[in-house]
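Below is one structure, written out as structure tokens; the observations come after it.
Residue numbers (full-length UniProt numbering): 1 to 83.
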């Protein structure tokens with residue numbers, strides 16, 4: 001089955017979405033910036049299949065920020081999710 005998939009990332013009240021990628025093994029190489037003072041919150045990652053009328057949720061995962069590795073470079077924090 002062919003999917004047109006995209007990912008939404010949610011942190012508190014902020015939501016970002018990737019571009020839609022076709023194929024059975026999609027890969028998204030996009031950067032997102034979220035700002036928060038609450039490191040005890042988490043990132044909600046949702047995978048969606050784009051439909052003609054409605055989109056369908058394929059899966060989701062909640063990642064607490066303390067479990068995410070990060071690099072601090074000149075006041076920039078980059079979170080990298082381990083798979």
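For each residue, glycine too, the CB sits at the ideal point set by N, CA and C.
Closest to residue 26 by C-alpha separation, out of 4, 67, 42, 44, would be which residue? 4
With burial defined as no fewer than 16 other Cβ atoms inside 10 Å of the residue's Cβ, what is the status of residue 7: buried or exposed? buried
Taking 9 Å as the threshold (C-beta atoms), are residue 22 and residue 16 in contact? no
Residue 66 by DSSP, collapsed to three states: which one? helix
With a cut-off of 8 Å on the beta carbons, I'd call residue 57 and residue 67 a contact; round off their distance for me. Between residue 67 and residue 57 the Cβ distance is about 23 Å, and since that is not below 8 Å, they are no contact.
Just the C-alpha distance for residue 75 and residue 32, rounded to the nearest angstrom, thanks. Note that residue 75 scores a pLDDT of 42, beneath 50, so its modelled location is shaky; the value from the coordinates is reported in the next line. Their Cα atoms are separated by approximately 15 Å.
When the Cα atoms are used, what is the spatial distance from residue 19 to residue 49? 12 Å
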